[in-house]
């Protein structure tokens with residue numbers, strides 16, 4: 144028995160400690176327990192009678208005798224890491240990539256030999272052998288029959304986050320399916336989605352066929368577009384090649400899991416995610432939603448899911464090392480808009496006002512015991528062995544592009560109570576110490592590069608540390624984006640980025656249309672021109688409006704009037720969509736600011752005296768004196784800001800994102816019940832009406848019905864309210880109301896009319912017909928009128 148590898152080179156020293164040994168007369172391998180616990184770049188196994196020479200390119204060569212093996216490490220780690228080997232005396236040098244699995248053959252003296260590179264646990268092995276079967280099986284992964292397969296598809300998922308103690312819905316998370324898509328069948332039965340443009344054309348043709356069938360007309364099942372011909376009766380593409388097609392959709396959530404004795408495959412896909420803020424008075428109605436790609440880019444590609452994850456793992460029978468053969472996560476571009484009210488309400492769900500100290504004594508004793516225990520060698524070895532390491536063939540996290548907006552304001556007065564808990568008070572104090580103006584950012588773009596590793600060995604903690612370091616360094620490089628995106632500076636970064644996108648669209652959209660045809664060229668030219676105009680004019684107006692809006696927030700803060708600031712936030716939170724609406728909103732705010740400032744000299748001291756006596760009187764007097772100047776000035780600044788926002792809205796080319804559903808309705812009994820969309824809409828009308836009627840502040844929703852497109856009758860636990868929608872602002876205001884105790888007798892009906900006998904003191908509008916002490920309300924039908932009578936009696940009881 145001879146020990147090889149005695150040359151004084153770094154790799155041969157490791158080989159002398161760790162190598163397997165062979166007897167000259169026998170092919171049996173005798174394994175010695177290794178002292179070196181790290182994985183060398185490669186372990187060479189020479190199972191032939193040839194003398195194999197190997198080296199690092201440009202370095203000294205070494206020899207491996209027949210039926211022996213050795214561990215190889217780089218002679219010059221700083222030099223080019225290329226591994227070369229050859230048969231002694233031969234000029235045919237073979238370069239081998241030590242990071243990949245491979246297989247090939249070579250000849251020597253007229254005889255064929257084989258080599259295979261494969262992974263054995265964490266160690267890469269290069270096997271040189273004269274047996275084709277062993278070489279092939281060593282590096283080829285045998286397909287295993289799946290022993291378990293699970294497939295889950297959900298059309299949509301909705302998750303409502305509710306604070307039952309405060310009776311408010313904090314957020315609604317909705318996962319939605321895709322629109323209708325058309326797919327074609329490829330080889331091996333695989334279905335592939337068609338381009339969005341073609342899919343839309345096929346859907347339009349399919350809709351026309353269904354309309355013809357509904358009126359018993361003879362439809363034309365043949366549809367031609369470009370060089371494609373489709374037969375909807377056979378559900379096939381006839382030309383240019385015959386392929387089956389189908390009409391389907393992508394579910395909101397799709398999961399697929401398959402497992403075999405040594406392999407696991409997992410695939411997950413989420414089509415679209417949207418998170419809505421349901422906190423009353425929130426600055427941003429939608430917290431998170433995917434950003435759709437440009438129209439021309441989306442039309443020429445198949446629809447993509449929002450999140451897609453693929454995982455393939457493998458574990459051999461005689462090793463405890465998990466091999467992650469493939470792991471990839473793709474996340475599309477997203478928009479994140481968060482305000483302070485939403486954060487406080489969210490913290491209120493997971494934080495507590497008190498600290499649990501029941502476990503302090505036992506935890507303190509355990510800490511003392513750990514301090515006095517010796518950190519022995521056995522403990523250190525056990526800790527090292529317990530940290531499982533994985534070999535990652537391919538690990539990829541996609542690049543991230545996030546549009547971030549943050550506002551320190553937002554949230555109704557009730558929602559502000561959530562700031563009293565420990566986590567909320569700390570976060571609120573931290574942000575308020577920075578200042579309102581400095582913490583307001585709008586549509587700041589963060590771009591984080593992808594994270595990828597190949598052929599690396601990491602433990603779980605090491606992988607997390609490397610990924611966190613990668614993304615934290617990327618985020619630090621993007622800090623200038625956050626500074627240049629502040630509203631107090633007018634978000635110059637957003638303005639420059641918008642101008643660049645507008646210029647690109649102006650040239651790119653017509654070019655894309657020109658490829659398809661003259662009609663598409665004209666459409667692309669219109670889209671590009673509108674994008675350039677929108678980003679130029681709208682971006683400039685938006686930049687100035689952000690500066691004036693920040694100034695308005697500072698002036699509003701000077702009034703020290705929480706109610707006024709809350710009303711201003713609600714008014715400014717609704718962005719005007721055109722110049723007309725912007726002027727109307729700004730004019731209304733200016734008028735209310737002047738009137739409120741003048742009347743505040745009298746009303747504020749009276750309100751303060753009612754709440755806190757003499758001290759409150761003088762405090763209210765101070766608020767009134769400041770409000771005389773601050774409120775008109777703030778109204779003037781808000782008028783300019785609303786007008787500029789209207790200009791931006793008129794020039795904007797973006798897509799308005801709406802809430803998935805209205806906030807949940809809570810009843811007087813405080814019991815959470817299954818969601819009812821009709822009642823939620825009625826409660827939303829009531830909440831908006833409360834802003835114009837202080838007497839309705841403590842009312843809770845009972846039921847409602849629409850009298851017509853502009854009128855609604857709402858029954859609360861105390862009042863009967865008729866609300867009307869305004870023409871310009873399209874907000875709900877109270878037109879008429881009465882308390883239950885004001886009803887002289889139970890309500891009755893007269894055909895479609897609901898008859899209420901009340902004192903003749905309210906002024907009716909629109910649908911009311913005046914009588915001495917009778918109010919008649921016109922309803923859609925006699926059945927509705929009778930239903931309202933029953934509901935009023937039920938609410939009164």
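Residue numbers (the numbering used here): 144 to 940. We put the CB at the ideal spot given by N, CA and C, even for glycine.
| Query | Result |
| --- | --- |
| C-beta atoms of residue 843 and residue 811 nearer than 7 Å | yes |
| Residue from 394, 428, 297 with nearest C-alpha to residue 800 | 428 |
| Beta-carbon contacts of residue 539 that lie in its chain and below 6 Å, excluding the five residues immediately before and after | 471, 595 |
| Backbone secondary structure at residue 837 - three-state DSSP | helix |
| Residue 257 versus residue 204: straight-line alpha-carbon distance, rounded | 21 Å |
| Residue(s) in a DSSP beta bridge with residue 602 | 532 |
| Minimum C-alpha distance to residue 491 - residue among 502, 614, 312, 535 | 312 |
| From 898, 447, 588, 229, residue whose alpha carbon lies closest to that of residue 941 | Residue coverage of the chain in this structure runs from 144 to 940, which leaves residue 941 outside it and unanswerable. |
| Rounded C-alpha distance that separates residue 210 from residue 281 | 17 Å |
| For residue 327 and residue 387, the rounded distance between their alpha carbons | 6 Å |
| Close Cβ partners of residue 346 (< 8 Å) along its chain, the five nearest in sequence each way excluded | 323, 325, 390 |
| Same chain only: Cβ atoms within 7 Å of residue 654, ignoring 5 sequence neighbours per side | Because residue 654 sits at a pLDDT of 45, beneath the cut-off of 50, its placement in the model cannot be relied upon, and the point is left open. |
| Alpha carbon of residue 585 to alpha carbon of residue 304, nearest angstrom | 26 Å |
| Straight-line Cα distance separating residue 456 from residue 252 | 42 Å |
| Terminal residues of the beta strand (DSSP E) in which residue 550 lies | 543–550 |
| Buried or exposed by the 16-neighbour rule on C-beta atoms within 10 Å, applied to residue 828 | buried |
| Which of helix, strand or coil DSSP assigns to residue 218 | coil |
| Same chain, Cβ closer than 6 Å to residue 230, neighbours up to 5 away in sequence not counted | 193, 251 |
| CB of residue 550 within 7 Å of CB of residue 478, strictly | no |
| C-beta atoms of residue 397 and residue 232 nearer than 7 Å | no |
| Local conformation of residue 809 per DSSP, three classes | coil |
| Cβ neighbour criterion (16 or more within 10 Å) applied to residue 514 | exposed |
| Exposed unless 16 or more other CB atoms sit within 10 angstroms - verdict on residue 154 | Only weak support exists for where residue 154 lies, its pLDDT of 36 falling under 50; the coordinates are left without a value. |
| Length of the line joining the Cα atoms of residue 928 and residue 894 | 8 Å |
| C-beta contact flag for residue 831 and residue 869 at 7 Å | no |
| Check: residue 615 C-beta below 6 Å from any heavy atom of the ligand FAD | Questions concerning the ligand FAD fall outside what the structure shown contains, since it holds no ligand whatsoever. |
| Residue 199 versus residue 288 - alpha carbon distance | 41 Å |
| Residues sharing a beta bridge with residue 899, DSSP | 918 |
| Residue 484: first and last residue of the uninterrupted alpha helix (DSSP H) it sits in | 483–493 |
| Contact under 7 Å by Cβ, residue 805 with residue 824 | yes |
| Whole-Å CB distance - residue 542 paired with residue 593, under 8 Å assumed | 4 Å |
| Nearest neighbour of residue 425, chosen from 452, 475, 342, 489 [CA to CA] | 489 |
| For residue 854, the three-state DSSP class (helix, strand or coil) | strand |
| Alpha-carbon spacing of residue 418 relative to residue 371, whole angstroms | 40 Å |
| Distance between residue 308 and residue 862 (C-alpha atoms, nearest Å) | 25 Å |
| Residue 515 - containing alpha helix (DSSP H), residue span | 503–515 |
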